[in-house]
Amino acid sequence: MHNLMPTLFISHGAPTLALEKDNPTADFLRGIAANLAKPKAIVVASAHWETESPMVNGAGRPRTIHDFRGFPKELYQIYYDAPGNPKLAGMVKNLLGDAGLNAGIDPGRGFDHGVWSPLMLIYPKADIPIVEISIQPQQDARWHYKIGEALAPLRQENILIIGTGNLTHNLREAMSGNHAKAPAWVTDFSEWIATKVAEGDTESLIEWQKLAPHARENHPTPDHFLPFFVSLGAAAKPLKAKRLHNEVAMGVLAMDAYEFE
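In this text, residue positions in the sequence shown follow the numbering used here: the first is 28, and each later residue adds one.
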């Protein structure tokens, strides 16, 4: 069991993270691979691919999607040319189907910035095949936890499962410029998550919208937190995890990262 790949949840922040030189989260991501065995492939659940039912990226050479507007022009010149893996995409679809989650394959889907902006920092050589899976924002944490559970066998194949979103994600408050330092409603939420993870209290985490302090304030919509539950679901039971990174950007965006055994 000790040879299993861990699963990761990464807060990816703004797309500009890929360009920033003196940024605590970017620096953290640049160093994270040193503590991981090199995976055979990576499966990423990204907050930036929303579908009605689970979809899997089946492209052999996925394009880089610049899924944003109004950013510096050099950001639109970034291309992350990691290969896809159609065979693995088929395995992912089948695992989800076996769990009663009817999934499809999108052969034309590229990598959105939820994938390429953190992964170009973690694996800059772009030499590891990546398969992206979508989230279903109309579904809840338990649904996404079930997706993670279905994917868990991939860990025995030296495949790294990553959820990428943000631990907190209130963009209106972030853009307001009103927060020179993190308000209590942000830190209370991120510390509640950290405590429940440390306690292995998976059920409370799944019920976060009811139980976590200031849940709605930190996530006016749940999309950026749902990938957390894919990573959590793929983790071993009982839960063993560690918070790898803890920072707040733009006053209110908690950039926490977790590793689950």
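Where a beta carbon is used, it is the ideal one built from N, C-alpha and C, also for glycine.
Only a predicted model underlies this, so the values are computations on that prediction, with no experimental measurement involved.
**Prompt:** Do the CB positions of Gln236 and Asp167 come within less than 9 Å of each other?
**Reply:** yes
**Prompt:** According to the neighbour-count rule (16 or more other Cβ atoms, all chains shown, within 10 Å of its Cβ), is Ser80 buried or exposed?
**Reply:** exposed
**Message:** Within a Cβ cutoff of 7 Å, which residues of the same chain sit near Tyr172, ignoring the five residues on either side of it in sequence?
**Reply:** Ile233, Phe256, Leu259, Gly260
**Buried/exposed call for Ser203, threshold 16 Cβ in 10 Å** = exposed
**Prompt:** If you draw a straight line from the alpha carbon of Glu200 to that of Pro89, how long is it in whole angstroms?
**Reply:** 34 Å
**Request:** Taking all protein chains shown into account, decide if Asn245 is buried (16 or more other Cβ within 10 angstroms of its Cβ) or exposed.
**Result:** buried
**Message:** For the segment 56 to 73 against the segment 142 to 155, do three or more pairs of beta-carbon atoms, one drawn from each stretch, fall closer than 8 Å, so that the two count as touching?
**Reply:** yes
**Request:** Taking 9 Å as the cut-off, decide whether the C-beta atoms of Ile132 and Gly85 are in contact.
**Result:** yes
**Asked** Can we say the segment 278 to 288 touches the segment 184 to 195, given the rule of at least three CB pairs closer than 8 Å?
**Response** yes
**Request:** Could you spell out where the alpha helix (DSSP H) holding His272 opens and where it closes?
**Result:** It is not in any alpha helix (DSSP H) - His272 instead sits in the beta strand (DSSP E) that spans 268 to 272.
**Asked** Do Val158 and Ala116 have their C-beta atoms closer together than 9 Å?
**Response** yes
**Prompt:** Is it buried or exposed for Asp250, if we count other Cβ within 10 angstroms and need 16 for buried?
**Reply:** buried
**Message:** Give me the DSSP bridge partner(s) of Val70.
**Reply:** Val158, Ile188
**Request:** Provide the residue span of the beta strand (DSSP E) that contains Met82, from first to last.
**Result:** 82 to 84
**Request:** Determine the DSSP secondary structure at Tyr285, reduced to helix, strand or coil.
**Result:** strand
**Request:** Could you check what DSSP says for Asp108 in three-state terms: helix, strand or coil?
**Result:** coil
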